[in-house]
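Below: the structure, in structure tokens.
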Amino acid sequence: MNIIEVEQLTKFYGKARGIVDVSFSVGEGEIFGFIGPNGAGKSTTIRLFLSLIYPTTGKARIFGKDCIAFGPEIRQEIGYLPSEVFYYEGMKVIDLLKYSGSFYKKETTQRMYELAEIMELDLKRRIDDLSYGNKKKVGIVQGLLHQPRLIILDEPTSGLDPLMQQKFFNLIRDENKRGATVFFSSHILGEVQKMCSRVAVIKEGSIHKIEDIKTMRNEQYKKIMVSAQNVDQFALNLDGVTNVERDNGTVRFFFKGDINQITRIISAHNVTDLTIEEPTLEEIFIHYYE
Amino acid sequence: MKMNIFLHEIRRHKQSILTWSISLILLLFVFMAMFNSFASEAEVLNQTLAQMPKELLTAFGLDGVDMSTVLGFFSFVFLFCQICLAVQAASYGFGLVSVEETDLTADFLLAKPIGRGQILTSKFLAAFTGLTLTNAVVWIGSFVVIELFRDSRPYETNTLLLLLISLFFLQLFFLSFAILLSLLMKRVRSVNTAAMALAFGMYALSAFGGMLGDETFDLLTPFKHFDPNTIISQQAYELPLVMISVVIILLSVAGSYWLYLKRDIHSVN
Amino acid sequence: MNIYLRELKANVKSLLIWSGAVVLFVLVGFSKFSAYEGNPELLAIFDSMPPALISAMELRAFNLTTVTGFLGLMFTYFSLMLAIAAGTWGADIIVKEERDRTVEFALTLPVTRARLITAKALAATTNSFILLLVTWASVLVGSMSYQTTPEFYQFLVYIMIALFILQLIFLSIGIFLGCAMKHYKKASSIMMFVLLQAYIVSMLAGLDQRLEFLRFITPFKYFNPARLLHESKFDPTSLLLAAAIIVVCLAGAYFTYQRRDLYL
Numbered sequence: 501m502n503i504i505e506v507e508q509l510t511k512f513y514g515k516a517r518g519i520v521d522v523s524f525s526v527g528e529g530e531i532f533g534f535i536g537p538n539g540a541g542k543s544t545t546i547r548l549f550l551s552l553i554y555p556t557t558g559k560a561r562i563f564g565k566d567c568i569a570f571g572p573e574i575r576q577e578i579g580y581l582p583s584e585v586f587y588y589e590g591m592k593v594i595d596l597l598k599y600s601g602s603f604y605k606k607e608t609t610q611r612m613y614e615l616a617e618i619m620e621l622d623l624k625r626r627i628d629d630l631s632y633g634n635k636k637k638v639g640i641v642q643g644l645l646h647q648p649r650l651i652i653l654d655e656p657t658s659g660l661d662p663l664m665q666q667k668f669f670n671l672i673r674d675e676n677k678r679g680a681t682v683f684f685s686s687h688i689l690g691e692v693q694k695m696c697s698r699v700a701v702i703k704e705g706s707i708h709k710i711e712d713i714k715t716m717r718n719e720q721y722k723k724i725m726v727s728a729q730n731v732d733q734f735a736l737n738l739d740g741v742t743n744v745e746r747d748n749g750t751v752r753f754f755f756k757g758d759i760n761q762i763t764r765i766i767s768a769h770n771v772t773d774l775t776i777e778e779p780t781l782e783e784i785f786i787h788y789y790e
Numbered sequence: 070m071k072m073n074i075f076l077h078e079i080r081r082h083k084q085s086i087l088t089w090s091i092s093l094i095l096l097l098f099v100f101m102a103m104f105n106s107f108a109s110e111a112e113v114l115n116q117t118l119a120q121m122p123k124e125l126l127t128a129f130g131l132d133g134v135d136m137s138t139v140l141g142f143f144s145f146v147f148l149f150c151q152i153c154l155a156v157q158a159a160s161y162g163f164g165l166v167s168v169e170e171t172d173l174t175a176d177f178l179l180a181k182p183i184g185r186g187q188i189l190t191s192k193f194l195a196a197f198t199g200l201t202l203t204n205a206v207v208w209i210g211s212f213v214v215i216e217l218f219r220d221s222r223p224y225e226t227n228t229l230l231l232l233l234i235s236l237f238f239l240q241l242f243f244l245s246f247a248i249l250l251s252l253l254m255k256r257v258r259s260v261n262t263a264a265m266a267l268a269f270g271m272y273a274l275s276a277f278g279g280m281l282g283d284e285t286f287d288l289l290t291p292f293k294h295f296d297p298n299t300i301i302s303q304q305a306y307e308l309p310l311v312m313i314s315v316v317i318i319l320l321s322v323a324g325s326y327w328l329y330l331k332r333d334i335h336s337v338n
Numbered sequence: 006m007n008i009y010l011r012e013l014k015a016n017v018k019s020l021l022i023w024s025g026a027v028v029l030f031v032l033v034g035f036s037k038f039s040a041y042e043g044n045p046e047l048l049a050i051f052d053s054m055p056p057a058l059i060s061a062m063e064l065r066a067f068n069l070t071t072v073t074g075f076l077g078l079m080f081t082y083f084s085l086m087l088a089i090a091a092g093t094w095g096a097d098i099i100v101k102e103e104r105d106r107t108v109e110f111a112l113t114l115p116v117t118r119a120r121l122i123t124a125k126a127l128a129a130t131t132n133s134f135i136l137l138l139v140t141w142a143s144v145l146v147g148s149m150s151y152q153t154t155p156e157f158y159q160f161l162v163y164i165m166i167a168l169f170i171l172q173l174i175f176l177s178i179g180i181f182l183g184c185a186m187k188h189y190k191k192a193s194s195i196m197m198f199v200l201l202q203a204y205i206v207s208m209l210a211g212l213d214q215r216l217e218f219l220r221f222i223t224p225f226k227y228f229n230p231a232r233l234l235h236e237s238k239f240d241p242t243s244l245l246l247a248a249a250i251i252v253v254c255l256a257g258a259y260f261t262y263q264r265r266d267l268y269l
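Residue numbers (my numbering), protein chains in the order written: chain P, 501 to 790; chain B, 70 to 338; chain L, 6 to 269.
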């Protein structure tokens, strides 16, 4: 079953467009990436899933049930980690986590303590006194302590130090192995590249592209860097070679096509260094941000 | 109704309930302590008042007031209690749901497996419980203070009960009306300012209307629907006016549910 | 002074709402006044009333049948409205930086906190003054259809001065609370209590001669409209108290705000 099904989902804020005719689906067990520039409609889509806001037209279904009509029921199995976390004044971390847990039918205490330990969260502290990053940790534990079937992440790692980010991603992978589906919205393309199997690109309210990460990269070019003494003499004016940069005995370029063409040229010379890389998502997608 | 939200909200109102209760007890005590000394002078006053035309008395809100009686004197401090409880109820009402949006905790609470209706009900009941606690304090305080200072002058218990019961309606009015108003606003910048404006506004309408002797004002403001002087002199409620308040309460509650259920809750940015 | 201008712009809506309320109040009041004007029956009664009764009803030698007397009666309501407006504006204008989370912007600008307070205080004062002018204007308009005497206009001036001082008192209390309170929500709740208390005590004080001493603690009693009308004089003690409150509050505001930690 598809965990998320979106059909022609549209939201207008008065005259201003939120999203228009957005359709896609996410299968069970997927880690699905959702990327796009600021103002593209990522937050709007997520808020529609959680029935924080209501659609103008169109539908969204989670676990096969309509998000608006069955909101409270489906949220039993959704964990939401928002980009900015705000909590009630005067509460200790443990109080808030217990309060959060009290909404779910499942037993959450044990998992709560486990998660707190993984994220190195001091349960006795007052939330008001925590730094932004530590508040994010509370958000992470709070969003996962009921072991949800669907995890919705919105810029989840902003504010976390690199070590914590690692722990966080390991946590998400573990949850995914356990069977959870992950909906991952982020600006940090490197993270999306690492974690996701499929990615949707949203821009100006509409879906631009939905693709497998692997396919995307394979269809794309390779980044090649060659260092050699006579590198300036390399005959690189082939079809498929672009963005040539020469610099002090090194040449960098992008190549799309039969890789043998390049290897033949290179093997014909004495080369001191050769790097062939796959481009990062950033390099692929940066033009979507323009 | 969700117990966890209910308890959380009561804890949120804890300090406020305490402060209001203590302030009201002090007010009742200080005021009634003066009764005795005042009562003897008041008798002279009453003779003169009896000779005055009705219009003038109404103009000064003195129609039917007899300051030499226990309840007559009590009605003055009772009016202040009404104002205070109105401010308290209005501030709980304006803040009830708006606080989640102002403090940006909406993303937490509304992403929980709970419907909007359940949230509103739990919060409403918690606020009302808090108000009832304060109300109870006023009830007990009033009885105690009247007993202490009435100096063996008699008073009609039934009328006192009518007065105290009116507080219940008054609180419901301000609570539900304020919730409705808060949902009609995009954002409640300052809960306390709005609460004071509503409560004092309604009070001013009643005082002003009384001064001008205009009956239309009576319809608009709950302070006139539950006017202490009228209740004392007639030993009963003015039912048509009470019904107006009740209708407004019901409409406000229904309206609030409708508005909250379809409200878009926007994100931080 | 860009802070000053910005604050003025930001508060326009609030100013308009309060002005509307004042205008409405004045117009309705004056339209009803016609019932009282020159009513001979009422006049007779006033002449025959014993002084005790007059004080109990706060009539204080007002002739309700004239516009002037009516104005004196409106004074209480004006005080209440303008005091609430000024007090809440004062507290709000300081507290909004923390409440709206603009602290990290506004207070990291190259201005001292003192300058910030000054600009904001001036903006709130300006708004209060504008509200006062609106009150003045609407009274002038409302009274146009009635017989007015030069005495009336002079009385009006005195009333306006009294109201302005009242505004300043509550404004400075509001600013002080906004600056001093660590938790911004406390500032507005305390302001609320202060206003409530001041009003209730003022009513209490009017009840009984022996409670006259209470008038020192509530600004609503600092200005006696009857005295203003008949003696054209302000009570020096009251003026001193008013000045003291204003100075202490403002000094306290500057002092506490400079030293306080500003949280997000």
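Ideal placement from N, C-alpha and C gives every residue a C-beta, glycine not left out. Everything numeric in this text was worked out from a predicted model, so none of it was measured.
Measuring only the C-alpha atoms, how far is residue i from residue j?
| i | j | result |
| --- | --- | --- |
| residue 709/P | residue 693/P | 15 Å |
| residue 721/P | residue 713/P | 14 Å |
| residue 581/P | residue 651/P | 8 Å |
| residue 105/L | residue 294/B | 38 Å |
| residue 543/P | residue 675/P | 23 Å |
| residue 65/L | residue 231/L | Because the pLDDT of residue 65/L is 47, which lies under 50, any placement of that residue in the model is unreliable, and the question is left without a value. |
| residue 734/P | residue 658/P | 44 Å |
| residue 300/B | residue 306/B | 6 Å |
| residue 78/B | residue 611/P | 26 Å |
| residue 191/B | residue 85/L | 35 Å |
| residue 61/L | residue 219/L | Confidence in residue 61/L is poor, its pLDDT being 47 and thus under 50, which makes the residue's placement unreliable; the coordinate value appears in the next sentence. Taking the straight line joining both Cα atoms gives about 16 Å. |
| residue 81/B | residue 87/B | 12 Å |
| residue 216/B | residue 202/B | 21 Å |
Nearest to residue i by CA position, among the options, is which residue?
| i | options | result |
| --- | --- | --- |
| residue 731/P | 712/P, 715/P, 722/P and 753/P | 753/P |
| residue 225/B | 99/B, 314/B, 144/B and 71/B | 144/B |
| residue 512/P | 506/P, 505/P and 520/P | 520/P |
| residue 203/L | 148/L, 221/L and 187/L | 221/L |
| residue 259/L | 127/L, 131/L and 122/L | 122/L |
| residue 707/P | 508/P, 515/P and 522/P | 522/P |
| residue 148/L | 187/L, 73/L and 131/L | 73/L |
| residue 501/P | 528/P, 509/P, 585/P and 758/P | 528/P |
| residue 135/L | 201/L, 109/L and 169/L | 169/L |
| residue 213/B | 96/B, 184/B, 176/B and 331/B | 96/B |
| residue 145/L | 132/L, 161/L and 179/L | 161/L |
| residue 661/P | 671/P, 644/P and 632/P | 632/P |
| residue 646/P | 756/P, 541/P, 623/P and 597/P | 597/P |
Residue i touches chain B at which residues, Cβ-Cβ below 9 Å?
| i | result |
| --- | --- |
| residue 656/P | Correct list: empty, because the minimum Cβ distance to chain B is about 13 Å. |
| residue 693/P | Within chain B, no residue comes near residue 693/P; the closest Cβ sits about 25 Å away, beyond 9 Å. |
List the residues of chain C whose Cβ lies closer than 7 Å to the Cβ of residue i, in chain order.
| i | result |
| --- | --- |
| residue 302/B | The question asks about chain C, but that chain is absent: this structure's protein chains are P, B and L. |
So residue i contacts chain P; which residues on that side make the cut at Cβ distance below 7 Å?
| i | result |
| --- | --- |
| residue 77/B | 599 |
| residue 183/B | 572 and 603 |
| residue 331/B | 554 |
Under 8 Å between beta-carbons, which chain B residues line up against residue i? List them in chain order, please.
| i | result |
| --- | --- |
| residue 550/P | 179 and 180 |
| residue 193/L | 259, 260, 261 and 262 |
Mind listing the chain L neighbours of residue i? Cutoff is C-beta to C-beta under 7 Å, in chain order.
| i | result |
| --- | --- |
| residue 156/B | 197 and 201 |
Measure the beta-carbon distance from residue i to residue j and round it to whole angstroms, keeping in mind my assumption that it falls under 8 Å.
| i | j | result |
| --- | --- | --- |
| residue 684/P | residue 532/P | 7 Å |
| residue 247/B | residue 163/B | 5 Å |
| residue 687/P | residue 655/P | 7 Å |
Against residue i, what residues of chain B qualify as contacts under a CB-to-CB distance less than 7 Å, listed in chain order?
| i | result |
| --- | --- |
| residue 582/P | 176 |
List, in order along the chain, the chain P residues whose C-beta lies closer than 8 Å to that of residue i?
| i | result |
| --- | --- |
| residue 420/B | Because residue 420/B is not part of the residues shown, which for chain B are 70 to 338, the question remains open. |
| residue 73/B | 599, 602 and 603 |
Residue i versus chain P: which residues are under 9 Å apart at the beta carbon?
| i | result |
| --- | --- |
| residue 172/B | 586, 587, 588 and 589 |
- Query: Do three or more CB pairs link the stretch 261-268 of chain B to the stretch 313-329 of chain B at distances below 8 Å?
  - Reply: Verdict: no, contact absent.
- Message: Under 8 Å: do the stretch 95-115 of chain L and the stretch 240-254 of chain B share three or more Cβ pairs, one atom per stretch?
- Response: Short answer: they don't touch.
- Message: Under 8 Å: do the stretch 144-164 of chain B and the stretch 542-558 of chain P share three or more Cβ pairs, one atom per stretch?
- Response: Not touching, per the Cβ criterion.
- Looking at C-beta atoms only, is the number of pairs between the stretch 25-40 of chain L and the stretch 78-92 of chain L that lie closer than 8 Å three or more? In the pairwise beta carbon analysis, the stretch 25-40 of chain L is classified as touching the stretch 78-92 of chain L: at least three pairs are separated by under 8 Å.
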